[in-house]
Amino acid sequence: MTLTLEKLNSASAQDALTMLDGLYEHSSWIAEKALAARPFKSLAHLKTALTNVVSAATKSQQLALLSAHPELAGKAMLDANLTAESASEQSTVGLTNCSPQELKTLSQLNHAYSEKFGFPFMLAVRGTRGHGLTKKQIIDTFNRRMLSHPSFEIREALRNVHRVVELRINDKFGQHPELGNELWDWHETLAQFSDPGFKENQQLTVTYLTDAHRACAAFIKNKMHECGFDSVEIDAVGNVVGIYKAQTENAQTLLTGSHYDTVRNAGKYDGRLGIFTPMACVRKLYREGKRLPFNIEVVGFAEEEGQRYKATFLGSGALTGDFEPAWLDQKDANGIAMRDAMVQAGLKIDDIPGIKRNPTDYLGFVEVHIEQGPVLNALDLPLGVVTSINGNVRYLCEMTGMACHAGTTPMKTRHDAALGAAELMLFVEKRAARDADSVGTVGMLQVPGGSINVVPGRCMLSLDMRAPNDDQRNALEASVLDELSEICKRRGLDYTLELTVRAAAAPSASAWQGYWEKAVASLGLAVYQMPSGAGHDAMKLHKIMPQAMLFVRGQNSGISHNPLESTTSDDIQLGIDAFAHLLNQLAQEQARP
Numbered sequence: 027m028t029l030t031l032e033k034l035n036s037a038s039a040q041d042a043l044t045m046l047d048g049l050y051e052h053s054s055w056i057a058e059k060a061l062a063a064r065p066f067k068s069l070a071h072l073k074t075a076l077t078n079v080v081s082a083a084t085k086s087q088q089l090a091l092l093s094a095h096p097e098l099a100g101k102a103m104l105d106a107n108l109t110a111e112s113a114s115e116q117s118t119v120g121l122t123n124c125s126p127q128e129l130k131t132l133s134q135l136n137h138a139y140s141e142k143f144g145f146p147f148m149l150a151v152r153g154t155r156g157h158g159l160t161k162k163q164i165i166d167t168f169n170r171r172m173l174s175h176p177s178f179e180i181r182e183a184l185r186n187v188h189r190v191v192e193l194r195i196n197d198k199f200g201q202h203p204e205l206g207n208e209l210w211d212w213h214e215t216l217a218q219f220s221d222p223g224f225k226e227n228q229q230l231t232v233t234y235l236t237d238a239h240r241a242c243a244a245f246i247k248n249k250m251h252e253c254g255f256d257s258v259e260i261d262a263v264g265n266v267v268g269i270y271k272a273q274t275e276n277a278q279t280l281l282t283g284s285h286y287d288t289v290r291n292a293g294k295y296d297g298r299l300g301i302f303t304p305m306a307c308v309r310k311l312y313r314e315g316k317r318l319p320f321n322i323e324v325v326g327f328a329e330e331e332g333q334r335y336k337a338t339f340l341g342s343g344a345l346t347g348d349f350e351p352a353w354l355d356q357k358d359a360n361g362i363a364m365r366d367a368m369v370q371a372g373l374k375i376d377d378i379p380g381i382k383r384n385p386t387d388y389l390g391f392v393e394v395h396i397e398q399g400p401v402l403n404a405l406d407l408p409l410g411v412v413t414s415i416n417g418n419v420r421y422l423c424e425m426t427g428m429a430c431h432a433g434t435t436p437m438k439t440r441h442d443a444a445l446g447a448a449e450l451m452l453f454v455e456k457r458a459a460r461d462a463d464s465v466g467t468v469g470m471l472q473v474p475g476g477s478i479n480v481v482p483g484r485c486m487l488s489l490d491m492r493a494p495n496d497d498q499r500n501a502l503e504a505s506v507l508d509e510l511s512e513i514c515k516r517r518g519l520d521y522t523l524e525l526t527v528r529a530a531a532a533p534s535a536s537a538w539q540g541y542w543e544k545a546v547a548s549l550g551l552a553v554y555q556m557p558s559g560a561g562h563d564a565m566k567l568h569k570i571m572p573q574a575m576l577f578v579r580g581q582n583s584g585i586s587h588n589p590l591e592s593t594t595s596d597d598i599q600l601g602i603d604a605f606a607h608l609l610n611q612l613a614q615e616q617a618r619p
């Protein structure tokens with residue numbers, strides 16, 4: 027008989043504990059403590075309660091939990107002493123059918139890992155989709171995580187325990203993330219299109235108006251038709267635009283979407299998750315024959331990353347009237363002008379001004395996006411509500427002192443440009459840490475013509491400062507520039523500064539942020555508010571209409587702009603459910619007289 031939340035919530039403590047037997051390897055104390063949080067509103071609520079117990083446990087309890095798990099293809103498997111759950115999982119991914127060389131490799135890795143970290147290697151072998159990793163993927167992950175610091179690895183191991191338990195809960199309750207699985211598959215299919223030079227190496231790179239880029243646009247367009255959109259087009263800059271009409275004519279429109287271009291050697295979810303999530307919701311409405319009091323417009327923005335041409339946010343900027351005609355004359359690395367690339371792609375350049383949207387036609391803009399950071403992953407939270415997209419300012423700085431002999435120049439008479447830069451870097455770290463959610467980074471550092479026996483006479487560095495609002499960012503900027511001046515004065519250095527970027531913060535509209543918060547709470551999840559340190563298309567739309575974003579947790583410590591970028595089909599499902607709830611909230615409000 028299939029387990030239900032109703033049965034679990036109404037059962038006696040002992041019966042409920044029996045129902046959850048097998049979730050954790052020989053560690054029933056976790057479920058026992060988590061049951062104190064009954065009644066559970068959802069499976070997500072149950073999963074969170076279990077995770078919270080592990081997070082609150084002592085380090086010795088956490089280590090005992092990890093040590094209760096068997097090695098992969100280890101002695102317990104070979105001796106047939108695995109629990110039923112572990113046996114099924116290891117069998118599903120073929121670990122019970124390893125070649126002698128695979129068994130030898132895994133045995134060596136198991137031993138080396140245990141020697142380094144003191145507990146067995148923990149990996150959710152069924153993976154982010156739930157259908158299982160390949161043995162190569164398992165071994166590759168083993169090798170990669172062998173390089174981790176112990177303090178990091180214990181957290182990563184526990185996160186994999188949580189994923190194992192999540193999948194076991196899905197099995198117990200017979201509830202699987204069907205739409206999440208389907209969207210996971212859409213991302214895999216779209217990732218098959220990649221630019222030459224990268225595709226051959228199994229790397230994902232899709233830059234503006236390449237053949238791969240146009241293939242992505244065609245895929246999204248066809249998928250929108252399949253989902254039931256009333257009209258679908260590729261506009262004059264390559265945006266894919268789908269509209270699902272309202273119940274009545276002349277209704278306002280909810281705008282949503284994200285970008286489908288990528289950085290070089292990218293992950294599969296950046297941008298694209300924000301296109302597919304609302305598409306799935308529209309398909310559900312279409313299949314149920316439902317119309318809402320407002321139109322839904324989903325846009326796959328053609329260009330956000332600025333990889334082929336220096337035209338970041340080109341796609342969303344066209345909607346706000348910020349397309350720069352001078353961009354058309356820019357040339358890529360192969361000497362191809364943007365204008366020529368557009369003509370070759372069949373785009374109508376003269377129609378670009380007509381892309382600009384009239385704000386009065388729109389309710390607002392919402393965007394779902396993978397977090398691209400470690401916060402949600404570290405907190406074991408699947409969703410986060412964005413409070414603001416950080417404003418940022420960037421400089422290129424050059425500090426100049428006196429290059430001189432490293433052996434003959436006394437310390438007190440030196441004018442060392444590199445030490446001036448080092449002092450400034452440490453100040454940036456300390457000053458940014460003083461504020462809530464400010465960040466400061468020196469990402470580029472160079473000593474031109476440096477030599478091991480020469481006191482550096484020049485040092486070049488970058489400054490990147492971000493904060494959730496402009497006042498906070500401006501205060502951080504002023505402090506850093508004042509310190510730069512003071513350091514140079516004290517050390518006898520000169521400096522130059524080149525401002526390269528200044529972008530205003532984009533605070534979420536309070537009402538729209540509230541929609542996301544209610545949606546997350548409806549799923550039985552804690553509402554976590556957080557700023558976005560990265561820029562998004564929502565920043566551009568912020569100029570003409572209210573906006574708010576929802577973040578979906580990334581795996582592998584939230585890494586992004588990287589092939590390891592990943593999320594689970596369960597988290598994708600929660601993002602879809604949250605978006606559907608937001609649509610329902612809006613529909614109810616719009617239906618009121």
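Residue numbering for the sequence shown follows my numbering, beginning at 27 and increasing consecutively. All C-beta atoms, glycine included, are put in the ideal place defined by N, C-alpha and C.
Restricting attention to beta strand (DSSP E) runs no shorter than 3 residues, the stretch 327-400 encloses them at 388-396, ordered along the chain. Counted as a single uninterrupted DSSP element, the alpha helix (DSSP H) harbouring residue 309 occupies residues 299-313. Under the three-state reduction of DSSP output, residue 526 falls in the strand class. Straight across, the Cα-Cα distance linking residue 179 with residue 50 is about 19 Å. Between residue 484 and residue 443, the gap from beta carbon to beta carbon is short of 8 Å. Ranked by Cα distance from residue 53, the options 109, 617 and 266 are led by 109.
As a beta-bridge residue in DSSP terms, residue 533 pairs with 414.
Non-local C-beta neighbours of residue 259 in its own chain, meaning closer than 7 Å and more than five positions away in sequence, comprise 267, ordered along the chain.
Residue 323 has 269 and 281 as its beta-bridge partners, per DSSP. The criterion of a C-beta distance shorter than 8 Å is satisfied by residue 333 and residue 233. Beta-bridge analysis with DSSP links residue 32 to no other residue.
The Cβ atoms of residue 573 and residue 529 lie no closer than 8 Å to each other. Residues 294, 295, 298, 299 and 302 of the same chain have their beta carbon placed closer than 8 Å to that of residue 213, with the five preceding and five following residues left out of the count. Note that the C-beta distance between residue 604 and residue 549 is below 8 Å. Straight-line measurement puts the Cα of residue 105 at about 17 Å from the Cα of residue 128.
With a 10 Å radius around the Cβ and a threshold of 16 neighbouring Cβ atoms, residue 162 comes out exposed.
The Cβ-Cβ distance between residue 410 and residue 402 falls below 8 Å. Membership of residue 485 in the beta strand (DSSP E) is indicated by the continuous run 484-493. Rounded to the nearest angstrom, the Cβ distance from residue 589 to residue 463 is 28 Å, too far for a contact under 8 Å.
Distance from residue 450 to residue 502 at the Cβ level is roughly 13 Å; contact not present, criterion being Cβ atoms closer than 8 Å. Counting the other CB atoms within 10 Å of its CB gives residue 397 a total of 16 or more, which places it among the buried residues.
As computed with DSSP, residue 234 is found in no beta bridge at all.
Taken atom to atom, the span from the alpha-carbon of residue 158 to that of residue 116 is near 9 Å. In this chain, residue 263 is not harboured by any beta strand (DSSP E), its DSSP state being neither H nor E. If you draw a 10 Å sphere on the C-beta of residue 614, you find fewer than 16 other C-beta atoms in it, and that means exposed. For residue 426 and residue 563, the gap between their C-alpha atoms comes out near 38 Å.
If you look at residue 573, you'll find it isn't in any alpha helix (DSSP H); it sits in the beta strand (DSSP E) that goes 573-578.
The beta carbon of residue 407 lies closer than 6 Å to those of 554 in the same chain, with the five residues before and after it left out.
Taking the Cα of residue 282 as reference, the smallest distance to any Cα among 44, 491, 70 and 307 is reached at 307. The beta carbon of residue 522 is closer than 6 Å to those of 424 in its chain, skipping five residues each way along the sequence.
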